[in-house]
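Peer 1: Quick one: the structure is below, and I'll ask about it shortly.
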Amino acid sequence: MTTQTMTKSATGYISPTRERVMGVLFLIIAAAIWVFFIRNTTPGVETTFGMTPGGSQVQTPDWVFETYTALNILLFLSIALAVYQLVRGFKRYTNIVLGVISGFFIFAFLAWGASGLSLNLSGLLRVMVIRSVPLTLGAFSGILCERSGVFNIAIEGMMLTAAFCAALFGSLVNIWFGLLTAMISGLVLGGVLAVLAIKYKVNQIIAGTVINIFATGLTSFLSAKFLQKYQYLNNPGRFPTWDVPGLSQIPFIGPIFFSHNLFVYAMYILLIVLTVALFYTRWGLRLRSVGEHPKAADTLGIQVNRTRYMAVLLGGTMAGFAGAYFILGSVGRFDEVLTAGRGFIALAAMIFGNWNPFGAFGAGLLFGFADSLAGKLTILRVPIHNKFLEMAPYIVTMIVLAGIIGRGQPPAAGGQPYEKE
Amino acid sequence: MKIEKAKAQTPQKPLAVFLDEITRSPMMVNILAIITGLFLGGVIAALTTENVYAALKSSLGESLKLALQAAWNTYKALFLGAFGDPQRIVSALQSGDLNAINRALSPFAESLVQATPYIFAGLAVALGFRVGLFNIGAEGQIFVGALAAVWAGVFIKGLPPIIHAPLALLIGGLGGAIWGLIPGWLKAKTGAHEVINTIMMNYIAFRLSEYLLTGVLRDPAKTTPISAPIERSAWIPRLFPDPNRFHAGFFIALFMALLVYILLFKTTWGFELRTVGANPSAARYAGMNIVRSMVITMALSGGLAGLAGANEVLGVNRNLGVAFSSGYGFDSIALALLGNSHPLGVVLASLLFGFLRNGAIQMQLTAGIPIDIISIIQAMILAFIAAPAIIRTIYRLKPPKEPEIRLQTSSAGGSS
Amino acid sequence: MAPILELRGITKQFPGVLANDHIDLTLNQGEVLALLGENGAGKTTLMNILYGLYKPDEGEIFVRGKKIDIHSPSDAIAQGIGMVHQHFMLVPVFTVTDNVMLGDEYVRGGGFLDRRRAAARIREISRQYNLQVDPDAYIKDLPVGLQQRVEIIKLLFREAEILILDEPTAVLTPQEVDELFGIMKSLVEHGKSIIFITHKLREVMDFSDRITVIRAGKVVGTTTPQEADQNKLAAMMVGRQIELQIEKKPAEPGEVVLQVRNLKVLDSRNLIAVNDVSFDVRAGEILGIAGVQGNGQTELVRAVTGLLHPISGEIRFLGKKVTHATPKEFFELGAAHIPEDRQKDGLVLTYPVKDNLVLNTYYHPPFARGVMLHQPSIYTNAEELVRKFDIRTPSVMTMLSSLSGGNQQKVIVAREFSRPIKLLVASQPTRGLDVGSIEYIHHRLVEKRDEGCAVLLVSTELDEIMELSDRIAVMYRGRIIVTVDAKEVTKEQIGLYMAGVVPA
């Protein structure tokens, strides 16, 4: 009895359409580089990229190159990739190649926009890292919850409440206490989400909406009632910038990635910790099993609801940490609804990153870049309104959800309460 | 024999039967949810009053008294703001002075004005729920509706009011419909979850409004990003002199509720839509068109939300600013649930929220309680309605006879 | 020596049903005990109690003569009891290794997964019992038969001594079934004890050491394959001698109603499920499609009802091309469909009976006037059909969810038969029903045939196919490998065809 059992999977049917569609998409991007940028560039004009962020001690000389030549090189490379895709196909590396070509396009855009001008590229990238922090941390919160099977659209509300607590208690005691209370407030709201979603089996979208409305109301109410009246309650200070010895001295890279405050480094550490914990430990295996197939986990003696409680509480705490960033790592004071929808961009980053910490970090950087670039657009004199760039994260998320460039793989049991029969 | 025993246990008194029915009915949960939410709102108002804590140092009794007083003042201000001052109304009625009556009744009318967008938006979400779709993007659709309506109100000139106002309203509804249609189509065709997509569409709408209000729609005469006032001919008429802002939009909203009711429960289209919501798979087997139902529903839902925005612009504000955002879109989820996704229920729930909102505006002015307290109250009401078990436990209600149907949004998406 | 497992007086009450009524059962070391019973007899409930998924209301469980308490699957696992569920409990996106060790992980350094050691153990088990499973494969890439072996490895990994297999052959091809019984034999040789739940008589006769039959929650008796025969077992199972033949007149086939040519259909995973299938169904005959579940029948039915569009081939309805028609167009032409999963696809459980009875005719007069529904007609229609089809319901306003399975199926039959139809596609029309309802449905199907309707019957129950069909087509791996006259073939022959043995 050595015959391997076979089923109809032997007659696999793979559509070559996607390969071709992607090839055409690559060509379109290449064509766009030519149509929008190369045609509008005069040969001989130079682009200057500043390689030292403002105020940095680590000096790197500016990068000056002839715009026209650079654009043509990018065009050539893009066409080469597109042709290879159409003829042979990159198969499972297609999405990576798509990322590379998109990178070419963005670089071409910057080079063209800064043609004859000077653009501080390192400043742009440094701001990208800073802006990515709440998005990435918020996405981590979403990953923890959703990997266990509980939708968390309340990241926004949790971050907002945490920001308020960070401001108030940071002012009353000190910034460390502010950070602690922010995380506790996230934990508490995570608890509310968990009880509503797990114990009372409330539709998880509604449970999240409850928290969002409640958080907006409560923080605005308390802020109007107290913070605006007593300004000293809204002045907690901020965590200082700390250069990582050695790493921060690397030219160009150092100031961008290794000269920040606590939150940025915490993001790097959490990225590693979360990845290892989710995919290489017993804890993570059980957490993911509960989000994929709770009944299977239950039959193997795993406590489904207890695991979910733990995941959502941790997710809440993570969102609380992300919320503290707004006050203690960024602006230093609370204003009504200061998160301004970043909780939802974090949700988008989670989806874009395929419920994966590294993916979420990448998406956070991408969305952070869009945010950062939106602030610099006016300098570049390009005919694109920064509001459209600010829309980009939302639009690309919708494109990803529609499965046009490969569908993500959300946890299978997401959104369903687990009921023992 | 068993049956006889059961019969003997059943109370024969009609009153007892009535009470038994009442305590089991879902309506009871909704009412208690509202009462509990309001009560907790009072607690929060009391807890955030400074002199309550100051008095705590001297005596607990004094502190409690002050707390009760704070809660009382809050709700008194809320009530007066929402309904008007009864004494003033009575004396105005006695005087027979029409102007005075108008002024005395204007808080009540203003509550109806506040309830109007709630009715539109609540209907939008309720319609989605009935078809198994979760339209969490009413907020964005309201914005787009307002943008489209203000465009029609400012840039279309020279039409008679009888055409211009309905046209502007219609264009507003159309704007919202497009905003709803996109996620509906994506859901039906690709299975992309409408919750995420409508959230994304919300923020695209916000950015779009910022772009338009700092660009083409901006009033050139102003430095702030605000649109020019709309043409007089596009106004939805107000029915009473100032300061009473009551306008015809309220009746349009009621009419829409009636239309949605007829559509859902009296027509074959509604039968198809409700079946798609109740069991998409069976609907498909019965030959119904899931894709079409989803797309149409999301478009109609977006259209209703768009009307909410258009109604505000054409009937109340008469121009559009960046700070137009009002939270109507998210509150409407609470409205739809509170109203059991039934048009009549939505109207009643909207009236409640309208009174709360208007009362809170007055309360902020007279009692110094920030208006945001109503968001807190609404969130709590929503939580209690979504988790009836909490209310049933608190008030020791008997479990319902039929299992409560939990909101179920479909994950279906057809490809053909 | 005490039996390895003994259940005494297990009782379990569900709302409205006494699922287990003082059940006693013993399992000896190293034997295969078949637990035989109809669908709904309480077999799965009993095993779920043993596995700690349900709490019994009464009763005791003894393992090796010692009384034990089982409150959760963990307790059962600790007692050496393992279960392969009817629906596999595997996470599709995890590897075999992750699935197997989940809940009983090999770790080092205080919580880091030791996948290499676990994989080595799986390879060892796989070798020992000749299971041939790759520990690094993802579950979603494995065929059903291999997934089942992963489930068995899960039990062996936990060193289970008592293995419960719940309807393990339902989803397998005959060849896979043989392989499974080979594995079971090797397990028993290694000293394991097996409880094997089924309702298939042949399997019981061929592969068990002892047989315990339960009916309506009670143990009817225990016997051995040597003492019993299929007829005796069947009688024990259903409580009376089942009438294996239905009275029916010879068929009088008329014109071709449904014509299918070279049909190719993909399943949800884009694999070819129906491969180059051709057949005709004539008016006044029943064509039975036999086959083990999962050989493309579902997709075939979906294609000939407009629910799934084929990638190639042609479907004609009374000569009209309907290859890409919608379900509605099929209905309009006079086709009716009794779907495989009645609760999911055939009914809206939250609707009252009256609405379910017009689910696909609601837009026609008299139920609709223009776009407005006409409730009085819908109501009268329901009253009439409830009477005519003997649907047991308190009223036509009763929610469908509170009707029994048989009455729910009657609602579908009433709805479909109350229209003038020319083609009836019935997919597993009696699955999970009680004997009375089965007889009722069977009579109705034959009656429809005699009225001149073309009937396409798809069933995995060989008896049902044999009893009702005029012609039988056997599907195997997406193809119809043979079409025969029902009168000229024996059950054994069809069984061979279902196993893919093509006549020379």
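Those protein sequence lines, which keep their order, are chains Y, H and P. Using the numbering used here, the final residue of the first sequence is 421, and nothing's skipped along the way. Using the numbering used here, the final residue of the second sequence is 837, and nothing's skipped along the way. Using the numbering used here, the final residue of the third sequence is 1341, and nothing's skipped along the way. Idealized CB from N, CA, C, for every residue including glycine.
Can you list, in chain order, the residues of the region 690 to 706 of chain H whose Cβ is nearer than 7 Å to any Cβ on chain P?
Peer 2: Going along the region 690 to 706 of chain H in chain order, one finds 690, 692, 696, 699, 700, 702, 703, 705 and 706 with a Cβ nearer than 7 Å to chain P.
Peer 1: The alpha helix (DSSP H) spanning residue 457(H) covers which residue range?
Peer 2: Note, residue 457(H): alpha helix (DSSP H), 447 to 468.
Peer 1: With distances taken Cα to Cα, identify the nearest neighbour of residue 1306(P) among 1089(P), 1179(P) and 1205(P).
Peer 2: Here the closest residue by C-alpha is 1089(P).
Peer 1: Determine the closest residue to residue 1279(P) out of 1304(P), 1121(P) and 1297(P), with distance taken between C-alpha atoms.
Peer 2: Comparing Cα positions, the closest option is 1304(P).
Peer 1: Figure out for me which residue from 1179(P), 1107(P), 1222(P) and 1149(P) has the closest Cα to the Cα of residue 1238(P).
Peer 2: Comparing Cα-Cα distances from residue 1238(P) to each of 1179(P), 1107(P), 1222(P) and 1149(P), the minimum goes to 1179(P).
Peer 1: Express the C-alpha separation of residue 1174(P) and residue 703(H) in angstroms, rounding to a whole number.
Peer 2: Approximately 12 Å between the Cα atoms of the pair.
Peer 1: Hey, does residue 1326(P) have any beta-carbon neighbour from chain Y nearer than 9 Å?
Peer 2: Not one chain Y Cβ lies under 9 Å of residue 1326(P).
Peer 1: Using 9 Å as the limit for Cβ to Cβ distance, is residue 18(Y) near chain P?
Peer 2: False, the Cβ-Cβ gap to chain P never drops below 9 Å.
Peer 1: Contact criterion: CB-CB distance below 9 Å. Does residue 687(H) meet it with respect to chain P?
Peer 2: It does; some Cβ of chain P falls within 9 Å.
Peer 1: Can you tell me which of 496(H), 482(H), 457(H) and 759(H) puts its alpha carbon nearest to the alpha carbon of residue 466(H)?
Peer 2: Minimum Cα distance to residue 466(H) is reached at 496(H).
Peer 1: Please look up how many angstroms separate the CB atoms of residue 1020(P) and residue 976(P), rounded, as I've assumed it's under 8 Å.
Peer 2: 18 Å between Cβ atoms; not a contact.
Peer 1: Quick one: residues in its chain with C-beta nearer than 6 Å to the C-beta of residue 429(Y), no 5 flanking neighbours on either side, listed in chain order?
Peer 2: For residue 429(Y) there is no data in the structure shown, the boundaries of chain Y being 1 and 421.
Peer 1: For residue 1204(P), does the three-state DSSP call read helix, strand or coil?
Peer 2: Here residue 1204(P) sits in coil by DSSP.
Peer 1: Look at residue 722(H) and residue 601(H) and say whether their C-beta atoms are less than 9 Å apart.
Peer 2: Result yes, Cβ atoms of residue 722(H) and residue 601(H) sit closer than 9 Å.
Peer 1: Counting only Cβ-Cβ distances shorter than 7 Å, please list the residues of the region 708 to 727 of chain H near chain P, keeping chain order.
Peer 2: Listed by position, the residues of the region 708 to 727 of chain H near chain P (Cβ gap below 7 Å) are 708.
Peer 1: Determine the extent of the beta strand (DSSP E) in which residue 920(P) is found, giving its start and end residues.
Peer 2: First-last of the beta strand (DSSP E) with residue 920(P): 918 to 921.
Peer 1: Taking the C-alpha atoms as reference points, what is the distance between residue 894(P) and residue 902(P)?
Peer 2: Approximately 21 Å, taken between the alpha carbons.
Peer 1: Out of 1057(P), 1055(P), 1052(P) and 1048(P), which one is the CA nearest neighbour of residue 1066(P)?
Peer 2: Closest option to residue 1066(P), Cα to Cα, is 1048(P).
Peer 1: Exposed or buried, residue 1328(P), counting other C-beta atoms within 10 Å across all chains shown (16 or more means buried)?
Peer 2: Flag for residue 1328(P) reads exposed.
Peer 1: State the CB to CB distance for the pair residue 959(P) and residue 972(P), rounded to an integer number of angstroms; the pair is presumed to be in contact (CB under 8 Å).
Peer 2: Confirmed, Cβ separation roughly 4 Å.
Peer 1: Taking only beta-carbon atoms, is residue 401(Y) less than 9 Å away from chain H?
Peer 2: Chain H, which has a Cβ nearer than 9 Å to the Cβ of residue 401(Y), makes this yes.
Peer 1: Can you tell me whether residue 906(P) is buried or exposed? The criterion is at least 16 other CB atoms within 10 Å of its CB, across all chains shown.
Peer 2: The residue is exposed, with fewer than 16 neighbouring Cβ atoms inside 10 Å.
Peer 1: Where does residue 1321(P) sit, in a helix, a strand or coil, going by DSSP?
Peer 2: It is a strand residue.
Peer 1: With 9 Å as the C-beta to C-beta threshold (strictly closer), list the residues of the region 905 to 917 of chain P near chain Y in chain order.
Peer 2: From the region 905 to 917 of chain P, only 909, 910, 911, 912, 913, 914 and 915 have a Cβ closer than 9 Å to chain Y.
Peer 1: Count the other C-beta atoms from every protein chain shown that fall within 10 angstroms of the C-beta of residue 897(P), then say buried if there are 16 or more, exposed otherwise.
Peer 2: Looking at its Cβ environment, which holds fewer than 16 other Cβ atoms inside 10 Å, residue 897(P) is exposed.
Peer 1: Mind pulling the chain Y residues with CB within less than 7 Å of residue 797(H)?
Peer 2: Near residue 797(H) (Cβ distances below 7 Å), the residues of chain Y are 214, 217, 218 and 221.
Peer 1: Suppose you measure from the CA of residue 732(H) to the CA of residue 257(Y); what does that come to, to the nearest Å?
Peer 2: The alpha-carbon atoms of residue 732(H) and residue 257(Y) are separated by roughly 49 Å.
Peer 1: Taking all protein chains shown into account, do 16 or more other C-beta atoms lie within 10 angstroms of the C-beta of residue 851(P), making it buried, or fewer, making it exposed?
Peer 2: Classification for residue 851(P): exposed.
Peer 1: Measuring straight from C-alpha to C-alpha, what distance separates residue 1228(P) and residue 657(H)?
Peer 2: For residue 1228(P) and residue 657(H), the distance between alpha carbons rounds to 55 Å.
Peer 1: Note down the Cα distance separating residue 37(Y) from residue 310(Y), rounded to an integer number of angstroms.
Peer 2: Going from the Cα of residue 37(Y) to the Cα of residue 310(Y) covers about 51 Å.
Peer 1: Write down every uninterrupted run of the alpha helix (DSSP H) in the region 98 to 170 of chain Y whose length is 4 residues or greater and which is fully enclosed by it, in chain order.
Peer 2: Taking only runs of at least 4 residues, the alpha helix (DSSP H) segments lying wholly in the region 98 to 170 of chain Y are 121 to 147.
Peer 1: Using a cut-off of 9 Å between C-beta atoms, extract the partners of residue 892(P) located in chain B.
Peer 2: Absent here is chain B; the protein component of the structure consists of chains Y, H and P.
Peer 1: Leaving aside the five residues before and after residue 499(H) along the sequence, list all residues of the same chain whose C-beta is less than 6 Å from its C-beta, in chain order.
Peer 2: These residues qualify, in order along the chain: 780 and 784.
Peer 1: Under DSSP, the alpha helix (DSSP H) around residue 51(Y) begins and ends at which residues?
Peer 2: Where residue 51(Y) is concerned, there is no enclosing alpha helix (DSSP H), given that its DSSP letter is neither H nor E.
Peer 1: Between residue 422(Y) and chain H, is any beta-carbon pair separated by less than 9 Å?
Peer 2: Because residue 422(Y) is not part of the residues shown, which for chain Y are 1 to 421, the question remains open.
Peer 1: Which value, in whole angstroms, describes the spacing of the CA atoms of residue 1338(P) and residue 983(P)?
Peer 2: Distance between the alpha carbons of residue 1338(P) and residue 983(P) is about 22 Å.
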